[in-house]
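When the letters of the sequence shown are read in order and numbered with our numbering, they come out as residues 1 to 243. Note that beta-carbon positions come from the ideal geometry of N, C-alpha and C, so glycine has one too. As the structure is a computational prediction, the values presented were derived from the model and not from experiment.
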Amino acid sequence: MAVPITVLDCDLLLYGRGHRTLDRFKLDDVTDEYLMSMYGFPRQFIYYLVELLGASLSRPTQRSRAISPETQILAALGFYTSGSFQTRMGDAIGISQASMSRCVAHVTEALVERASQFIHFPADEAAVQSLKDEFYGLAGMPGVIGVVDCIHVAIKAPNAEDLSYVNRKGLHSLNCLIVCDIRGALMTVETSWPGSLQDCAVLQQSSLSSQFETGMHKDSWLLGKFASVNLQWCLCVVLVGQE
């Protein structure tokens, strides 16, 4: 005998049929100040994300209360800004905490799929030379095309017995390697390293290191603050304390 399956609408169960539907939230109904305070980005950038991700976020559904791409993006930006799935952010756009969580996952997946369009080293010699000229104009450093560093991103413990993700502060994290240009735009990101691995080890074992060692970025250097790294392509910053 077939078992009937019921798809539950979390928003309908939590708020009832009188609750404001998701598509009624319009960007034009709120001020720029509100958008910046709640979602961390201006109106035009949010519209740009809707255009960029709209096709990926418009999933076929038989539900009359399908969440629009615009609302999904607002939910994700709200989470990125606040770091919380709690009701304050969901109530602002009229969705439940469960729906908020799904929106964040969908938008994040869509962004990751397009990451390579925006996060990459310059592809032509003219763009590389432009980076070198900008760094030289800023601080007189010849040949520098970017700055490199590591940053820890907190995660939930993947396994109670696996200590490889526990960093020196006793927290579970990923040790992520990033390279930025002179404007702070990302040129590469590596997120596969466990938190217990020290910055120097991450840099030496990274695919970034392999690129430089094989001559992919010939006659170019990165600027970093890695204390015990001896790499020809990485210029280490020495901080001198003031007397």
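Beta-carbon proximity of residue i to residue j, cut-off 8 angstroms
i, j, result
"residue 153", "residue 130", "no"
"residue 99", "residue 67", "yes"
"residue 144", "residue 135", "yes"
"residue 166", "residue 204", "no"
"residue 151", "residue 176", "yes"
"residue 141", "residue 223", "yes"
"residue 78", "residue 39", "yes"
"residue 119", "residue 191", "no"
"residue 76", "residue 30", "no"
"residue 106", "residue 57", "yes"
Counted within 10 angstroms of its Cβ, other Cβ atoms place residue i as buried (16 or more) or exposed
i, result
"residue 71", "buried"
"residue 73", "buried"
"residue 158", "exposed"
"residue 146", "buried"
"residue 49", "buried"
"residue 42", "exposed"
"residue 206", "buried"
"residue 170", "exposed"
"residue 215", "exposed"
"residue 138", "exposed"
"residue 237", "exposed"
Opposing strand residues paired with residue i [DSSP bridges]
i, result
"residue 175", "152"
"residue 194", "174"
"residue 208", "For residue 208, which the question treats as bridged, DSSP gives no partner whatsoever."
"residue 224", "236"
"residue 186", "180"
"residue 166", "172"
For the region 104 to 114 against the region 189 to 204, do three or more pairs of beta-carbon atoms, one drawn from each stretch, fall closer than 8 angstroms, so that the two count as touching? Not touching, per the Cβ criterion.
Entirely within the region 69 to 154 and at least 3 residues each: give me those beta strand (DSSP E) ranges in chain order. List check, beta strand (DSSP E) in window: 144 to 154.
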